[in-house]
Amino acid sequence: MSSLSRDDVANLARLARIEMSEEELVSLSNEFTVILDAVARVQEVAGADVEPTSHPLPLRNVFRNDVVIPSLTPEEALSGAPAAEESRFRVPQILGEEA
Amino acid sequence: MIHLSAAQMATKLADGETTSVALTHAHLERINAVDTDVHAFLFVDKDGALKQAAEVDAKRAAGEKLAPLAGVPLALKDVMTQKGIPTTAGSKILEGWRPPYDSTVVAKLKANDIVILGKTNMDEFAMGSSTENSAYGPTHNPWDLTRIPGGSGGGSSAALAAFEAPLAIGTDTGGSIRQPAAVTGTVGVKPTYGAVSRYGLIAFSSSLDQAGPCARTVLDAALLHEAIAGHDPKDSTSINAPVPQVVAAAKSGDVKGMKIGVVKELNGDGYQSGVRTRFEESLELLAAAGAEIVEVSAPNFEYALAAYYLIAPSECSSNLARFDAMRYGLRIGDVDGASAESVMNLTREIGFGREVKRRIILGTYALSSGYYDAYYGSAQKVRTLITQDFNRAFEKCDVMVSPTCPTTAFKIGEKSNDPIAMYLNDIATIPVNMAGIGGMSLPAGLAPEDGLPVGFQIMSPAMQDQRMYLVGAALEAALLSKWGAPLLSQVPALVGK
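Quick note, the sequences are listed as chains V and C, same order.
Numbering that gives the first Met the number 0 puts the first sequence at residues 0 to 98.
Numbering that gives the first Met the number 0 puts the second sequence at residues 0 to 496.
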């Protein structure tokens, strides 16, 4: 039987960049016991001799000509920005205090 | 006028018996009258729709040659970007966002002069089977307002069944066009993967997502299918080949000599008795129309659900990383000194709903080092086995069929606390997405025990979408002559109750 502890869920939430309340961590970890048992059934038939399929179309390296076509203006590209400054996205501090 | 099919509306427009402005007005009035109860729409673009309608009428008056559906109104699932029009994908994280560009589907609708009435409700980021996961509240099934209209495209299916629009756009990752069609007595088609461009479709699971037509008749779906399909250089997975002649197929409906394969594994236990009754009856009608009914087996379909709930969450955990509070959408906690990481963490906590978080965490786990082979890798192998099952079955038949869903529409709230029970709704629709082939659901009648619509699913091989339209048109015609009137003539009035 597969399961995920509260701490496992907290680690995954950190990797996925989602803050989570204690209540959410505990209830997700309980749900995952059931969900993982259900999805683990794929292992019953996934033998070493079976090739994986990542995509329904057998496509490789789809190219197009490198030509200039009209695209968004800076104003349009910034139209949905939570904050903008001098034609750029303004974002919170990315580097640590010491930088 | 709103009760006509889209094809009939188009004829009246072409004959000058009505105008697009009048037709659009009639639908806006209907939305005004019933949508408080149904809640199919998240945004109604009254001014934009009337402006577009007036432009079509002017073109027609000037004698311009117009596309077959020119002037007919349509409801657009809120997962498709439309320039300047609020687009949320049912999520708080995109509340108030107005995209700066049109999706290719919207560009094609506009080029065909199809009038866009507004944006329809959906499960957040198309994750769900009931629209209960919408951040903006559930949509109600016009057949019984206490029941779900299916999902994720429940807004589109409910808009059709409530006569708020004759056409709608849906997207189908595991059944989000077909299951809503089944539980509302409407028609929904998931074309072959790659047939309709995904450019501007807010991505959930890129290797499974496919947009398609929703309508009240098979011919209407075919007309919309041809309007939106075709190669698009902006989507590298779009098929560069001619669009199958689906309108001609829908007009013909000739199934004489066709072999129809009944999938042994998608029937029997777990399927509601009324669903089975209507399915068997449809098979008899198709046999009477000249088709040969054969049984086919797809032993690996029983693993499709498990594989889907690894592949789709894995792809979504990656696709939804773009909602990072930096370039568009919600931003929470951007106070002096706050780091980008803490803003991201808080925004995603507040902006995403419970099911979306559940799937992001599941996908992050399935892709994580040490578990990748056991989960995501195994699921990809199951995908191969399912495709092989389809290939083997299609050697014995031209199309495959099954009930679209195991049950009719359930009550709002009935399954919302049980993810596994909710996931089981899609047991018959998911294999089609895994293999990238075409699938259609059309109404097969009402289940005797609850009086609710039952869907009949037709699956056709990749790039052979015309086959499901042939069979769908044949069954639709046989059922219509049996019933004497379309199934949707029995939907409750909704007004003046």
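The beta-carbon is built from N, C-alpha and C at its ideal position, and this holds for glycine as well.
Around the C-beta of R146 of chain C, are 16 or more other C-beta atoms found within 10 angstroms, so that it is buried, or is it exposed?
-> buried
Tell me whether E291 of chain C sits in a helix, a strand or coil according to DSSP, three-state version.
-> strand
Is R197 of chain C near D208 of chain C, with beta carbons less than 8 Å apart?
-> yes
From this set, C:A125, C:K107 and C:G83, which residue's C-alpha is nearest K575 of chain C's C-alpha?
-> No information on residue 575 of chain C is available, as it lies outside the stretch 0 to 496 that chain C covers here.
Contact between the stretch 431-438 of chain C and the stretch 385-393 of chain C (3+ Cβ pairs under 8 Å) = yes
Touching by the beta-carbon criterion (3+ pairs, under 8 Å), the stretch 372-392 of chain C and the stretch 157-168 of chain C | no
Alpha-carbon to alpha-carbon, P243 of chain C and R277 of chain C | 29 Å
Uninterrupted beta strand (DSSP E) stretches inside the stretch 401-454 of chain C (no shorter than 3 residues) = 437-445
With DSSP collapsed to three states, give me the class of N132 of chain C.
-> coil
Buried/exposed call for P127 of chain V, threshold 16 Cβ in 10 Å = Only positions 0 to 98 of chain V appear in the structure, and residue 127 of chain V is not among them; the question remains open.
Closer than 8 Å, Cβ to Cβ, to anything on chain V: give me those residues from the stretch 255-285 of chain C, in chain order.
-> none
How would you write the range of the beta strand (DSSP E) that A167 of chain C sits in, first residue to last?
-> L166 to T170
V261 of chain C - DSSP class collapsed to helix/strand/coil | strand
Please list, in chain order, all residues of the same chain as A25 of chain C whose beta carbon is under 7 Å from its beta carbon, the five residues on each side excluded.
-> M0 and I1
Considering only residues of the stretch 190-246 of chain C, which uninterrupted alpha helix (DSSP H) runs meet the minimum length of 4 residues and lie entirely inside it, listed in chain order?
-> 217-227
Report the three-state DSSP secondary structure of I113 of chain C (helix, strand or coil).
-> coil
In its own chain, which residues sit with a C-beta less than 7 Å from the C-beta of A286 of chain C, not counting the 5 before and 5 after it?
-> I292
Is R87 of chain V buried or exposed, if buried means 16 or more other CB atoms sit within 10 Å of its CB?
-> exposed
Give the range of the alpha helix (DSSP H) segment to which K76 of chain C is assigned.
-> Here K76 of chain C belongs to no alpha helix (DSSP H); instead the beta strand (DSSP E) covers P72 to K76.
Whose CA, out of C:P402, C:L284 and C:D231, lies closest to the CA of G252 of chain C?
-> C:L284
Local Cβ density within 10 Å of I68 of chain V, reported as buried at 16 or more and exposed below that = exposed
What does DSSP give as the partner residues of S459 of chain C in its beta bridges?
-> C:G437
From the DSSP output, which residues share a beta bridge with K118 of chain C?
-> C:F42 and C:L75
Alpha carbon to alpha carbon, what distance is there between K50 of chain C and P503 of chain C?
-> Chain C is shown only over 0 to 496; residue 503 of chain C falls outside these bounds and no answer can be derived.
Check the C-beta distance from I227 of chain C over to K107 of chain C and give it rounded, since I have them as a contact under 8 Å.
-> 5 Å
Cβ neighbour criterion (16 or more within 10 Å) applied to Q489 of chain C | exposed
Could you tell me whether the Cβ atoms of A337 of chain C and V90 of chain V are closer together than 8 Å?
-> no
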